[in-house]
Structures are given as C-alpha cells and as structure tokens.
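Written out below as structure tokens is the structure these notes cover.
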Amino acid sequence: MHSSKVSAQIIIETLLNFGVDNIVISPGSRNSPLIIESVESNRFKLHSIIDERSAGFVALGLAQQTKKPVALFCTSGSAVLNYAPAFAEAYYMKIPLIAISADRPKELINMADGQTINQNGALQNVVKTSVNLNEIKSEDPLNIRFFYRELVNGLSTLLEEPIGPIHINIPFSEPLYDMVSKPLKFPFPQFNFCFSPSNQLFDEPFIKKIFSVSPKVIFLIGQRSPEKIENEQIIEFCSRNNIPILCETNSNLLDKNFAISIDAFLESLNQEENLAFQPEVLITYKTNIVSKKIKVWLKSNLSKHHIHIGKEHQNLDTYNSLSLQINAPLEKLFNSKIKPANKLYFEKINGKLNWVKKQAKTFKADYSDFKVFEIISKAIPADTCVIFGNSASIRYAQLFEDFYNFESYCNRGTSGIEGSLSTAIGAAYTNPKKEFICILGDTSFFYDSNALLNPRLPQNLKVIVLNNNGGGIFRIIEGPARVNSFEKYIETEHGFNAEHLAKNFNVTYFKASNTENLQISISNLISEKSISILEIFTPKKTNDLTLKSFFKTLRHKD
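The sequence shown lines up with residues 15 to 572 when you count with the numbering used here.
This is the structure:
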C-alpha cells in the first residue's frame, strides 16, 4: 500500500534516487503521508525519535558516520523549530541533512488553527536553501512536473560545495491516512544527481614564490573524518618539506607522533620562543579548531601568509591573514614542486613538541577531572569511536596521548553543549558491531537527557558523564568566577545525578568517586554488553587548580 498523497509518493521516491538510506521520524499526524510512504516502501532504515531537537542530532550522527544525506520528518507547528540547533551544527560542520516539515494548508495559517505557524523559511539562517512546496491535489502532469522540479532544485544544492543542510516544507490537507494499492507512475525521467567538483583554483606560481625563500611554515589541521591514505599523504608531504604539523584529537590523524595538545605546546613557550615560533606561512586544512589559544596566537601575527585548502569554506579569514584559498583537492598541493621550508624551524618546533610530550608525562595529578581523563584514555579499547561533549570534555581530551589513537568526533560547528549524546546515539546506529563511547559533562548530559527517550537505544554505546555539579569550564576560563552569584547563575549548581534517569530508561548504571572505584567501574562499563552509563563525581573546587598546575609544570624546563 501507498499514501494517497502524490506529493508524499514523489518525495519518498526522490529521496531513494538521491541515495538517502536513513530517515529520522518524529511522531505526528500531519507528516503521516510521509511516514506511510517511507514505511510501505521498506527501503529505508527508519529511526523513531520523539523529541525533534534530539532527532536532529541523531540525524547528525548518522550523516557524520555514513557520509551520506539523512532525512528527517516532523509534523506541523513548532516541531520544525526544534531542528534549529542540530541544523546550525550541520550548517557550520558541512554535514548534509534534509529537514522535511509537514505543514497545514496555507489557508489555515494565521487563522488560529491548531499546530499552525508560518513554517516557510523557519530554518533559513541555518540551511543552504529553503523550499516551500505546494501540495499536489490533482494528477495533472504539469503540476507534478513543477512540484518535482522544485523538489529537485532544492535537493541538488545539498551536496554542492560547500555541503550543508536544507529545509523542505510541504503542506498536506486532510484526509491524511488514506492509502492506495498502486503508486502514481511518474510522467518524467528520474533526475541524475551529479556533483562533480567545479571552479577549482590552484595558484601554483604563488605557492612556489612564497616557498622560494624557505619560510617558516606550520600545517594546522581542523576537525575531519579519518582517511588513511590522506593521513599518509599529509605526513609524507610535511616531512619531505620540513613543515611541522599541529592537530587535535578530532583531526583524526591517528598517529602518536602528533599526539600533543596545541594548548600545552603554546603554554610551554617562553617569551623568546613565542615570537620565534610564529610562522611566516600558515597552511590550514579543514576548520573547527578547539584551541582558542592557537587562534589568539596566530591572529597576533598579521605579516604571515595564510593558505587555506578546501571548498567547504570560502574566504574564511580566521587568522586575519588569508592570502590564498585553494579550491582544489589536497593532492594539488602535495604534487606541486616547491622548495622545502625552513629546516631549522622545523626541527626546533618538533623538538619543543617532543619535550612537551615528555614533560607532560611527568605530571602526577590527584583525583580530579584531569586524573579521570588520564585513566579513561588508557582504559578505552582499541577501535572504539569516541564522541566528545563540548566545553571541558573535548579540551581535556587534547592533553592525553592515548586519545589521539581513537577515531574522535565533537560537534564543533557551533560548539554548543546540546545534542552530544543524541549525536553519539545516531553514530552508534550506523555500525552495531563497533563500540562507541560518549564522554561529556553533567550539564551537557542532563540538557540532552531526552536522547534516552528512545525504545531502541543502540546497545553498542557507552556513556561517561563527568559530574562536577555544574559547568566546570567556567572555573577554567578567566573571569566568570569573579561574578556575584557565580555558582548559581553561571556555573549553575544543580545537585542532580544520573542514577534515576538511567533506571527510568532501563540503562545500566555505574558510578565512581575516587581513583580506586573508577578503575573498577570503568572496567565494568567496558565489559557491559548493553548501553550503559558511568557517572564519575569529581571535586569541582580543585579541578581547575589541577589543570593550572599541569600547565605550570610545562613552563619550567629542566
């Protein structure tokens, strides 16, 4: 059987032709034609998520792992507005999501009809394009062709560089649940989706010119998915041309030679090194750098050349010195015949990085957030995929060598605390045979606890919650602690724990509050065969002191 709504038939068939495998559905009546048609087609992996805000991040995790577009269906009214946080993240991380919101007929809008708002352009600030379709109420071939053309024009922007999410709004009139035995035979050819790269730009003479004087060069890598061959090419190119690499855990270079925190490196520099180590040429690939310190450091040097590679962002002048945007694959740079960069600079930077790595290992921490991350980093099994929460979690992860061994992700497009757990759930759906771990703070966890409101939680996901009773990040950064009522309104003390939530959602629960029982609890968590939560309680009033003591250690060279 099929929905009697020709609009729904065309949308579902087009999504199939477009290569969509996963659809995230939130309940409702107005979107029932889409639900009926997607269920009856029996050709999608369907995920039912009640909370649209959580659904958006589940879709984000699915798309991030599969590298394919993921569609979402929601009902009319305020439902579509709840997609905004996840779509903002997808927009800035260049992830292809398709929001398809069911709407009321236009004659009911602004007429005090239930679940009715003006949905046209509801997500316009966080999507590449918004398409407002008209419902097909007759089988007139011209109406159908126009509907299809509008739909395809919207979808065709999804994977054009720069990649990003789109919003399609479609009204459905009642009756909504009628079905027919045979779908309409579409009187038009299927659209051929083709997204070959265009407008490539690679200025090799300019590259050769700035490298002709053997400059001091740094290669800075932002957040990206792991690509074995590309990783090897980056390392070979930089090694051959005397270019030190700075990266982060979620750069997914997956090489211990580069397992050093950018913040730790910068904190270790004395005044003379701070100036001497400034690059003359900065090469960046991908974006979404966690370290604020590197941005401040590089912005202070306006005399450098900055070369950015990739079409995902245009004219992205993060470091106030963009000289060249290369709209071409990395291979273009790798294959260019340039003069090697300054070898002495290369050796000094790498020497300092290696010293910092060794010095960091000498630091002995008492029980704290720092100590917890050290223990976790050594306990996680190989081949685990780690999804980090924002704020303190992703920053602590940068400090420990072992985290650089794991495939790592974090929602760094907008860097908000919401949606990390939902993203991890979506990621875990993509490969039931692979282990996923989500590491996040208490505020982020409780904020996204509706992610557990799901009868089909992935059993291959483990969740680690660091509970320091509020936003611990605000004790690390300068300034907030001086504000009156800091603990109540900025840090936001709450006094909650996750035990009852876990029980309510039938999730196995472990807890730890010191080094000894943490070792036992994390072992139990890893060996558990179902979705489970480990909540770790840490001393919030000393966590920041331990971290500051660690950085202080790096400033005293033997």
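By construction, the Cβ of each residue, glycine as well, lies at the ideal position given by its N, Cα and C atoms.
Once DSSP output is grouped into helix, strand and coil, what is the label at residue i?
i: A516; result: helix
i: C261; result: coil
i: K562; result: helix
i: Q204; result: In this prediction, Q204 scores a pLDDT of 48, lower than 50, which makes its location untrustworthy; no coordinate-derived value is stated.
i: L279; result: The sequence given here has Phe at residue 279, not Leu. If DSSP states are grouped into helix, strand and coil, F279 belongs with the helices.
i: S210; result: Because S210 carries a pLDDT of 43, less than 50, the predicted location of this residue cannot be relied on, and the following value inherits that uncertainty. Correct three-state label for S210: coil.
i: Q473; result: coil
i: G298; result: First, the amino acid is wrong: residue 298 is Thr here, not Gly. Here T298 sits in strand by DSSP.
i: R496; result: helix
i: F510; result: coil
i: D456; result: helix
i: F387; result: helix
i: Q292; result: coil
i: P354; result: coil
i: E449; result: coil
i: Q339; result: strand
i: V304; result: coil
i: S226; result: coil
i: I182; result: strand
i: A85; result: strand
i: K525; result: strand
i: I545; result: coil
i: V20; result: helix
i: L568; result: coil
For residue i, count neighbouring C-beta atoms within 10 Å of its own C-beta (all shown protein chains included) and say buried if the count is 16 or more, exposed if not.
i: Y418; result: buried
i: N302; result: buried
i: Y299; result: buried
i: P395; result: exposed
i: N256; result: buried
i: Q78; result: buried
i: S282; result: buried
i: D558; result: buried
i: D65; result: buried
i: D572; result: Model confidence at D572 stands at a pLDDT of 49, short of 50, so the residue's coordinates are unreliable; what they give is reported in the following sentence. Per the 10 Å Cβ criterion, exposed.
i: L48; result: buried
i: I243; result: exposed
i: N349; result: exposed
i: H61; result: buried
i: D192; result: exposed
i: R44; result: buried
i: S17; result: buried
Please name the residue in the options whose C-alpha comes closest to that of residue i.
i: P179; options: G70, S92, F186 and H508; result: G70
i: G236; options: I534, K375 and I297; result: I297
i: S407; options: G168, V479 and D65; result: V479
i: S52; options: I26, V145 and P219; result: I26
i: L86; options: I24, N183, E153 and Y106; result: N183
i: N139; options: D127, F161, E149 and E103; result: E103
i: D462; options: N498, D416 and N404; result: N404
i: P83; options: Q412, S68 and F101; result: F101
i: H319; options: C452, T332 and E174; result: T332
i: A98; options: E432, F450 and R569; result: E432
i: L312; options: G324, H327, F160 and S335; result: S335
i: L435; options: K59, N45 and R67; result: R67
i: S527; options: I158, S40, A22 and I550; result: I550
i: L475; options: I439, F160 and I323; result: I439
i: N148; options: D117, L169, R569 and I177; result: D117
i: D456; options: A442, F420, T506 and P446; result: T506
i: V194; options: K392, I390 and A22; result: A22
i: P553; options: I540, N483 and Q533; result: N483
i: N271; options: V227, I323, N445 and N245; result: N245
i: L234; options: E262, K375 and S17; result: E262
Hey, residue i and residue j are a contact pair by Cβ (cut 8 Å); roughly how many whole angstroms apart?
i: K222; j: Y359; result: Not confirmed; about 19 Å, so no contact.
i: L466; j: F519; result: 4 Å
i: Q133; j: S115; result: 6 Å
i: H181; j: A136; result: 7 Å
i: P469; j: I545; result: Contact doesn't hold; Cβ gap of about 12 Å is too wide.
i: L111; j: L74; result: 7 Å
i: Q285; j: L568; result: No, Q285 and L568 are not in contact; Cβ-Cβ is about 15 Å, not under 8 Å.
i: T89; j: G42; result: 2 Å
i: V295; j: I224; result: 6 Å
Could you check if residue i belongs to the surroundings of the ligand SAM, using beta carbon to heavy atom distance under 7 Å?
i: V84; result: This structure lacks the ligand SAM; in fact it carries no ligand of any kind.
Determine whether the Cβ of residue i lies closer than 8 Å to any Cβ atom of chain C.
i: K270; result: In the structure shown, chain C does not exist; there is a single protein chain.
Under 8 Å, with one C-beta from each stretch per pair, do the region 288 to 305 and the region 380 to 398 reach the 3-pair mark? no
With three or more beta-carbon pairs closer than 8 Å as the criterion, would you say the region 423 to 431 touches the region 104 to 113? yes
Specify whether the region 384 to 398 and the region 343 to 358 touch according to this definition: at least 3 beta carbon pairs, one from each stretch, less than 8 Å apart. no
Contact the region 258 to 273 vs the region 536 to 545: 3+ CB pairs below 8 Å: no
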